[in-house]
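Here the structure comes first, spelled out in C-alpha cells, and everything after it is commentary.
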Amino acid sequence: MSNRPRSLSSLGIILPPRERTISNTSFTDSDGTKRRSSSRAIKRPKFDDELVESSLGGQSSTPLSKIRTRNPSISTASDCSVSLPPTPSVTSDVRKRLSSKSSSKRTRKGRGSQTIATKDLGRWKPTDDLMLIIGVQQTCDLVTVHRGAKFSCKFTLGEIQERWYALLYDATVSRIAQQTMKNLHPDQIQAVQARALYSKAEEELLGTVKSNSNPTIQTFEMLLQEHSDVFYPARVAKSLLVHWHQMKQYHLLPDQAVQPLQRGQLKEFSEAEQQVHDSELYESSDDLLEHELGVASRGVKREMRLLEDEVLQWQVLVDTVTGISPPDFDNQTLAVLRGRLVRYLMRSREITLGRKAAGGNVDVDLSLEGPAWKISRRQGIIKLRNTGDFLIANEGKRPIYIDGKPVLTGNKAKLNNNSVVEIASLRFIFLINLDLINVIRQETAKLSGH
0 MSNRPRSLSS LGIILPPRER TISNTSFTDS DGTKRRSSSR AIKRPKFDDE LVESSLGGQS
60 STPLSKIRTR NPSISTASDC SVSLPPTPSV TSDVRKRLSS KSSSKRTRKG RGSQTIATKD
120 LGRWKPTDDL MLIIGVQQTC DLVTVHRGAK FSCKFTLGEI QERWYALLYD ATVSRIAQQT
180 MKNLHPDQIQ AVQARALYSK AEEELLGTVK SNSNPTIQTF EMLLQEHSDV FYPARVAKSL
240 LVHWHQMKQY HLLPDQAVQP LQRGQLKEFS EAEQQVHDSE LYESSDDLLE HELGVASRGV
300 KREMRLLEDE VLQWQVLVDT VTGISPPDFD NQTLAVLRGR LVRYLMRSRE ITLGRKAAGG
360 NVDVDLSLEG PAWKISRRQG IIKLRNTGDF LIANEGKRPI YIDGKPVLTG NKAKLNNNSV
420 VEIASLRFIF LINLDLINVI RQETAKLSGH
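Going by numbering that gives the first Met the number 0, the sequence shown opens with residue 0, and the numbers climb by one from there.
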C-alpha cells in the first residue's frame, strides 16, 4: 500500500449529514512520516443528550472497527484511522438522574401547593378562631362580630368572612383549626369565653333590672340561676354587673328610652311664654358675692393706675428707625438721641448712657445701635438743667466727641439741638424738643420771679 493518504469517500465511509468538509495540510515529522492536520477547529452544534453525556464523562470516540463501511474488504489495520462524533444516546445513569430531578420538581410543586393552602393559617391564632366561632354562635352576625369581638390583631370584615367560610367549607383549614384549638391551655379557653359577645336574649334579661335601682352581685346571681339556659355557660355574676353598668352608661336599658310626645302634650310658643314668670328668670342677689366682685374690681383698677404711672415715669423709650420717619417728639419727650438703627427718647431730666451688663443697668443701652465692646458700662450722663440747657458728663474711660470736640473723663459739655454725639465709632444726633423746653423755661422763670 502506498503512503499516499486516502480520502474518506474512497474508503466508503458515510459521514453524518451535519459533518463539514475541512481543508487539511500535510507536514512531515522527524521520523519521515506524513500526517494531516486541520487548519481550523471543528465547530458543530451539540445535541442535548451530548451535553448531558459530556457533563458526565466527556465525549467518547468510536473506533474505526465499529464503523460500517460500504467496502467490507478494507482492513481495520490500515494506517488511516477516523474519529467520528458520538451518536446521541442516553445512558441509564442519565435516565436515573433525569427521573430524580422530575420527582424532586413534583415534590416541590406539592410542597408549594401545601404552603399556599396553609399560607393564611399563621395569622389566625387558635384563640381568634375560638372567638370567631363563639361570636357567631352568640350573635349569628359577622358584622356584629367584627365590631364587638377583640381578636389578637385587627381583621377587616372581608377577612373575617373569608375565615368563617374557610372553617365551614375547607376541610384542610377546618381540620388544622380544630387540632390547634384542642391544644389550647384551659386558661386560654376560659379567657376567650369570658370575653364572649352578649346575645340579644341575654341583654333583654339584663334590661329587666331597672336603671334607677342599685343592683348588687346577688341580684345577678339570682338572675343567672333562674335563666341558666339563656346565659352563656361561662357567664358569672360580676361580668353581668359590669355589662349592665355599660348598658346604663350608654342609655341602652329599656326604661331609659325617650318616650315620644303625644299630640296633646305639644304646646304653642305663645302658651309656653305665658306660663313663664319674669321673676323666675332673675337670680337672687348675693351680698357676699357682690362684695367679692367689688373688691376684685377695685384691685384691677389700682393695678391699671399703677401701670399708667409707670408709663409716665419711663425714662427712655427705644424706637426702631424705619423708612417712614415717625414724628420725633410728643408731649412727654424732652429730647431724642437718634442713631442709624434706633432712636432713644429722653423722657426724664437725667439719663445714663453705657453698655448693658449683668452687674448693672443703664437707661440707654448703646449696644442696640452697633458694636459697643469699647464702650464702658457707665459711659456718661445727660442731664437737663432748670434753665433748659442739656449737659453731658463723661464717666467712662474713652472720650466722648461732641461736634468733633473731645470730652474727657470727668468733664462736661453742653448739648445743643442737632449736636453730633460720637461714642466709640457710634454716632448719634441729639434733637431737642424746643416747644416743651420753652414751656419749662417759662415755668422756671415764673417760679424764680415769685
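All C-beta atoms in this analysis are idealised placements derived from N, C-alpha and C, irrespective of residue type, glycine included.
Remember, predicted model here, so these are calculated numbers, not experimental data.
Check: Would residue 119 be called buried (16 or more neighbouring beta carbons within 10 Å of its own) or exposed?
Finding: Position 120 of the sequence shown, counting from 1, holds the residue named residue 119. Any reading at residue 119 is ruled out, since the residue's pLDDT is 48, under 50, leaving its predicted position unreliable.
Next item on the list: State the Cα-Cα distance for the pair residue 387 and residue 378, rounded to the nearest angstrom.
Entry: Residue numbering aside, residue 387 sits at position 388 when the sequence shown is read from its first letter. Residue numbering aside, residue 378 sits at position 379 when the sequence shown is read from its first letter. Roughly 23 Å between the two C-alpha positions.
Next item on the list: Identify the continuous alpha helix (DSSP H) that holds residue 164 and give its terminal residues.
Entry: Residue 164 sits at position 165 when you count from the first residue of the sequence shown. From DSSP, the alpha helix (DSSP H) with residue 164 extends over 156–168.
Margin query: Helix, strand or coil for residue 204? Go by DSSP, reduced to three states.
Written below: The residue you call residue 204 lines up with position 205 of the sequence shown. Of the three classes helix, strand and coil, the one that applies to residue 204 here is helix, per DSSP.
Next item on the list: Can you tell me which of the three DSSP states residue 151 falls into?
Entry: For the purposes of this step, residue 151 is taken as residue 152 along the sequence shown, with counting starting at 1. It is coil, neither helix nor strand.
Next item on the list: Taking the CB atoms as reference points, tell me whether residue 255 and residue 210 lie closer together than 8 Å.
Entry: Here the question's residue 255 lines up with position 256 in the sequence shown. Here the question's residue 210 lines up with position 211 in the sequence shown. Cβ atoms of residue 255 and residue 210: closer than 8 Å.
Next item on the list: Could you tell me the boundaries of the beta strand (DSSP E) in which residue 351 lies?
Entry: Within the sequence shown, residue 351 is the residue found at index 352, counting from 1. Where residue 351 is concerned, the enclosing beta strand (DSSP E) stretches over 349–353.
Next item on the list: Quick one: residues in its chain with C-beta nearer than 6 Å to the C-beta of residue 172, no 5 flanking neighbours on either side, listed in chain order?
Entry: Here the question's residue 172 lines up with position 173 in the sequence shown. Within the same chain, residue 172 has close Cβ partners 165.
Margin query: Using CA atoms only, rank isn't needed, just tell me which of 303, 134 and 150 is closest to residue 122.
Written below: Locating residue 122 in the sequence shown gives position 123, where the first residue counts as 1. Cα-wise, what sits closest to residue 122 is 150.
Margin query: Taking the beta carbon of residue 137 as the centre, do at least 16 other beta carbons fall within 10 Å, making it buried, or is it exposed?
Written below: Translated into positions along the sequence shown, residue 137 becomes position 138. Answer is buried; the Cβ neighbour count reaches 16.
Next item on the list: Starting from the Cα of residue 189, find the closest Cα among 232, 435, 382 and 140 and give me that residue.
Entry: Counting from 1 along the sequence shown, the entry for residue 189 is found at position 190. Of the candidates 232, 435, 382 and 140, the one whose C-alpha sits nearest the C-alpha of residue 189 is 232.
Checklist line | Per-residue burial, residue 168 [other beta carbons within 10 Å of its own, 16 or more giving buried] | finding: To locate residue 168, count along the sequence shown from 1; it is residue 169. Residue 168 should be labelled exposed.
Check: Across which residues does DSSP place residue 334 in a beta bridge pair?
Finding: As a first step, residue 334 must be located in the sequence shown, where it is residue number 335. Partner(s): 345 and 431.
Check: What residue does the alpha helix (DSSP H) around residue 235 start on, and which one ends it?
Finding: Taking the sequence shown and counting its residues from 1, the one referred to as residue 235 is at position 236. Looking at the DSSP string, residue 235 is not in any alpha helix (DSSP H), and its letter there is neither H nor E.
Check: Could you give the distance in angstroms between the alpha-carbon of residue 435 and the alpha-carbon of residue 330?
Finding: Within the sequence shown, the letter at position 436 stands for residue 435. Within the sequence shown, the letter at position 331 stands for residue 330. Going from the Cα of residue 435 to the Cα of residue 330 covers about 7 Å.
Notebook entry, point to check: Hey, residue 205 and residue 243 are a contact pair by Cβ (cut 8 Å); roughly how many whole angstroms apart?
Noted result: Against the sequence shown, residue 205 aligns to sequence position 206. Against the sequence shown, residue 243 aligns to sequence position 244. Residue 205 to residue 243, Cβ: 5 Å. Contact.
Check: Leaving out the 5 sequence neighbours to the left and right, which residues in its chain are closer than 6 Å to residue 407 when beta-carbon positions are compared?
Finding: Within the sequence shown, residue 407 is the residue found at index 408, counting from 1. These residues qualify, in order along the chain: 398.
Note to self: If the criterion is Cβ atoms closer than 8 Å, does the pair residue 467 and residue 196 meet it?
What the structure shows: The structure shown does not extend to residue 467, since the chain is modelled only from 0 through 449, so no value can be given for it.
Notebook entry, point to check: In three-state terms, what does DSSP make of residue 127?
Noted result: The residue labelled residue 127 in the question sits at position 128 within the sequence shown. Note: residue 127 maps to helix in three-state DSSP.
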